[in-house]
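This report refers to the structure that appears directly beneath it.
Number of protein chains: 2
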Amino acid sequence: MPAVDTEAFLRDLYELRAIGTFKTGVHRPTYSPQDMEARRWLMAKLTACGLEASIDGIGNVYGRHPGPGPHLLVGSHIESQNEAGWLDGALGVVAGIALARAGLPVDVCAFADEEGHFSLSLPGSRSMIGDLTEEAIDGARNRTDGTPLREALRAAGLEGLPRRQLEIGRYKGYYEMHIEQGTQLEEAGLRLGVVTGIVAIWQWRIVVEGQQDHAGGTTMAERKDAGLSAVRLLAAIDAEFPRLVGERTTWTTGRFRLEPDAPNIIPGRAEILFQFRDVSVAVLERLEAGLKSLVQEANRRERCKITLSSVSKAVPALCDPAMMQALSDAAEAIAPGAWQTMPSGAGHDAQVIARTMPASMLFVPSIGGISHHWSEDTKDEDLALGIQVLHGAAERFLAG
Amino acid sequence: MPAVDTEAFLRDLYELRAIGTFKTGVHRPTYSPQDMEARRWLMAKLTACGLEASIDGIGNVYGRHPGPGPHLLVGSHIESQNEAGWLDGALGVVAGIALARAGLPVDVCAFADEEGHFSLSLPGSRSMIGDLTEEAIDGARNRTDGTPLREALRAAGLEGLPRRQLEIGRYKGYYEMHIEQGTQLEEAGLRLGVVTGIVAIWQWRIVVEGQQDHAGGTTMAERKDAGLSAVRLLAAIDAEFPRLVGERTTWTTGRFRLEPDAPNIIPGRAEILFQFRDVSVAVLERLEAGLKSLVQEANRRERCKITLSSVSKAVPALCDPAMMQALSDAAEAIAPGAWQTMPSGAGHDAQVIARTMPASMLFVPSIGGISHHWSEDTKDEDLALGIQVLHGAAERFLAG
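Chains as they are written, first to last, in UniProt numbering: chain A, 1 to 400; chain B, 1 to 400.
Here it is, written out as structure tokens:
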């Protein structure tokens, strides 16, 4: 078995970075021309490594190893957030290419729209395990511009293609290599993270309905200011959530929009996308109850009507002990003392795949913890170390 | 002297409502094709009433009475907010047409962009009194889409036209008729408001700079969440401002934008447009000091950098006593007991014109207090009563 070709791995990453370049990062929103160019690039790469490459009706790119098993599945996603980094997702897919090139019995998959440009959660990996209905696709829209998913699939030339599902018995397990998207490794002076579990994200939409009015003619006593009621609710969450959360819980208001969003007009409507993440279902349920109480109290106190609705509720995923052990052993062999175990605060396709087979993840450091921004980066030597450890772990786990 | 033709006045208003119709309102943003169509419509109307009509280099439409004075200036604006009401501005301009048609020695002006689609405050009326530099025009941009004002003027065919200035000695005073944009008249069961003064608007931009990061990988302790710091500042304003304000002060956050405004990303930047309004300079200065203190405290407490900058500071305007008396006398003669005096909470071109000549305003009720929304409306009989009272006041004031 040849060793993994680190230089070819880095060259692949840099080639992919050149597709949809934005400053030092990339702009490859799902199904955009740049994203489709990247998918075609990937199919050519997979073919060159001896895999049977195809793209399916949701945009999943799949490379099938033609030889005998037991097989590993290796992958991640290839689209990016808007004007974001070059490694998020791409790293795990290109790692799959590297293991295939090294001759391991590996299938590679780039799961479509992990980044959630459309109003579905992890549609590519869910489609692969048979957990995505045609009706869900019918109803999905682009979160930024409202384009129906069906229309985007048609424009990308994917309409009418069958959607592929994984042959579950085919795989011994799934490995996903990813950037950390935090500063824990960097701050601890470490170079590798063996992931113990993936937090679940519970997403919520909060809509505040008030009365749009002129900001001068309408006295303070007359107003139903949707923006103000929204600010008060978010301030209450900021004050109350610390009493409810677990040790590693995160909670975030990523989107806050006013209508009509004009300087001289009292906002008639506000829309908030709020989320929290944790590895413990008990904590998640406690936070849900707390959020509902705060909204209930806001509806008692405010003049505006506030509606809370669930956007998505994922299940936390624990990583497979044997796959983690293979990663830990390979890490200790190649970079003794330079690794740790840690949870993943971000969601990944691995949490979906983990519902059907053993799954595990390997993290490499993010410089400054930055991701989802074009300045996201990881040192070449950390990328190289990562692929060596992943290769070693894959060999160990397949042999185990 | 013929009486005012109420039917022709209402007919004009309905004709203008048909230009850029949106639901029951209009969409005529400044210099849009619909807006320019309305300006051409106005020039034809002014010409038909015997005025010498012209448009100038900022888009002001002006109709000059050819006969001897003393003259009155009557006007308002003709563009609308986006998808907004049919009467805001249009009413005062069409009232000018009606007085001219009735034979009064009236010049009519539609001041450009009172609605502030571009990053200037009341540019049309300020240009008319010589308070708008070429440099200010060079630097102005559309607040919604960033189009430079120069580009918009060129596209509208206004590039290179001279800008007109008022001949100050020509006028005995300025009358502006407008919808109330509040519910004070409606709630008191009254039909007319004689305006005592116009509040000044002090506009502020608040920029919060944090660090854009992934909402899962970045622990709460690591974050610099610009959206959260913005929410805390707005909550502090909500808590503290009631201690500082005057009896009729209003304060409003009309715009609140996050970047990148995506569910899974910690906002790296927030931008707020905040304003307060009062008739008292002492109160305005107290609020400015209070706002600066709150921003200073936020910069001490928060991890993000918060910058406060002044967008515009208008001067409160008091209405002319003799012009108010003429309005009050006409109102009492035509609709005894159905009127009151009141301040204007909204800014108007009258506050600019009042710097160079006596000025006064007449309000008619807004149904439900709604304005800056397509459902804005006023009963036809209130519009008709308004033009009769304005006509009577103009006759009285010219004769006085």
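For every residue, glycine included, the Cβ atom is placed at its ideal position computed from N, Cα and C.
Taking C-alpha atoms, which residue in 289/B, 355/B, 354/B and 198/B lies nearest to residue 347/B? Per the Cα distances, 198/B.
Where does residue 82/A sit, in a helix, a strand or coil, going by DSSP? coil
Please report how far the alpha carbon of residue 242/A lies from the alpha carbon of residue 351/B, in whole angstroms. 49 Å
What residues are listed by DSSP as bridge partners for residue 213/B? 266/B
By Cβ distance, which residues of its chain are closer than 7 Å to residue 330/B, with the 5 residues on each side in sequence left out? 389, 392, 393 and 396
At what residue ranges does the stretch 162-218 of chain A contain a whole run of the beta strand (DSSP E), taking only runs of 3 or more? Counting only runs of 3 or more, we get 171-179, 192-198 and 200-209.
Helix, strand or coil, according to DSSP, for residue 369/A in the structure here? helix
Contact set between residue 27/A and chain B, taken where Cβ atoms lie within less than 7 Å: Ordered by position in chain B, no residue passes the 7 Å Cβ test against residue 27/A, which lies about 12 Å from the chain.
Does the distance from the C-beta atom of residue 236/A to that of residue 234/B stay below 9 Å? Against a cut-off of 9 Å, the Cβ pair of residue 234/B and residue 236/A comes out as no contact.
If you follow the alpha helix (DSSP H) that residue 14/B is part of, which residue opens it and which one closes it? Annotation: the continuous alpha helix (DSSP H) that includes residue 14/B extends over 6-17.
Residues of chain A with CB closer than 7 Å to the CB of residue 226/B, please, in chain order. Against chain A, a Cβ distance below 7 Å from residue 226/B picks out nothing, because the smallest value is about 11 Å.
Kindly confirm or deny that the stretch 181-200 of chain B and the stretch 90-105 of chain B touch, where touching means at least three C-beta pairs closer than 8 Å. no
Quick one: residues in its chain with C-beta nearer than 6 Å to the C-beta of residue 313/A, no 5 flanking neighbours on either side, listed in chain order? 202
Assuming residue 339/B and residue 192/B are in contact, meaning their beta carbons sit under 8 Å apart, how far apart are those beta carbons, in whole angstroms? The Cβ separation is near 4 Å, so the contact holds.
What does residue 161/B reach in chain A if we use C-beta pairs closer than 9 Å? Per Cβ cutoff of 9 Å: no residues; residue 161/B is ~28 Å from chain A at best.
Report the three-state DSSP secondary structure of residue 142/A (helix, strand or coil). strand
Closest by CA to residue 139/B, which one among 128/B, 230/B and 151/B? 151/B
Got a sec, what are the start and stop residues for the beta strand (DSSP E) residue 47/A sits in? No beta strand (DSSP E) holds residue 47/A; the alpha helix (DSSP H) holding it covers 33-48.
Whether residue 96/A touches residue 77/A by CB criterion (9 Å): no
Using C-beta distances below 6 Å, list every residue in its chain close to residue 31/B, excluding the 5 sequence neighbours before and after it, in chain order. If you ignore the 5 residues before and after residue 31/B, its C-beta comes within less than 6 Å of the C-beta of 152 and 156, all in its own chain and listed in chain order.
Measure the alpha-carbon distance for residue 292/A versus residue 308/A and round it to whole angstroms. 8 Å
Strictly below 7 Å CB to CB, what residues from chain B border residue 234/A? 231
Any idea which residues DSSP pairs residue 77/A with across the strands? None; residue 77/A has no bridge partner.
For residue 283/A versus residue 311/A, is the C-beta spacing smaller than 9 Å? no
I need the straight-line Cα distance from residue 142/B to residue 262/A, nearest angstrom please. 12 Å
Any contact of the stretch 212-231 of chain B with the stretch 358-373 of chain B, i.e. 3+ C-beta pairs under 8 Å? no
Find the residues of chain A that neighbour residue 77/B, judging by a C-beta separation of less than 7 Å, and give them in chain order. Chain A residues near residue 77/B: none, gap ~13 Å exceeds 7 Å.
I'd like to confirm the pairing. Which residues does DSSP put opposite residue 107/B in its beta bridges? When DSSP reads this structure, residue 107/B sits in a beta bridge with 73/B.
8 Å contact criterion, which residue 25/A and residue 38/A should meet: CB distance rounded: About 13 Å separates the two Cβ atoms, so there is no contact after all.
Compute the Euclidean distance between the alpha carbons of residue 1/B and residue 289/B, then round it to the nearest angstrom. Note that residue 1/B scores a pLDDT of 48, beneath 50, so its modelled location is shaky; the value from the coordinates is reported in the next line. Their backbone Cα atoms lie some 54 Å apart in a straight line.
Reducing DSSP to helix, strand and coil, say where residue 1/B ends up. With a pLDDT of 48 at residue 1/B, under the threshold of 50, the predicted position of this residue should be treated as unreliable, though the coordinate-derived value follows. Residue 1/B falls in the coil class under three-state DSSP.
Chain A contact for residue 353/B (CB, 9 Å cutoff): no
Cβ-based contacts, 8 Å cut-off: residues of the stretch 338-372 of chain A near chain B: 344, 345, 346, 347, 366, 369, 370, 371 and 372
Go to residue 359/A, then tell me how far its beta strand (DSSP E) extends in each direction, as first and last residue. Its beta strand (DSSP E) spans residues 359-364.
Which stretch, first to last residue, makes up the beta strand (DSSP E) that contains residue 53/B? 52-55
Could you work out which residue in 186/B, 364/B and 22/B is closest to residue 374/B when comparing CA atoms only? For residue 374/B, the nearest C-alpha among the options comes from 22/B.
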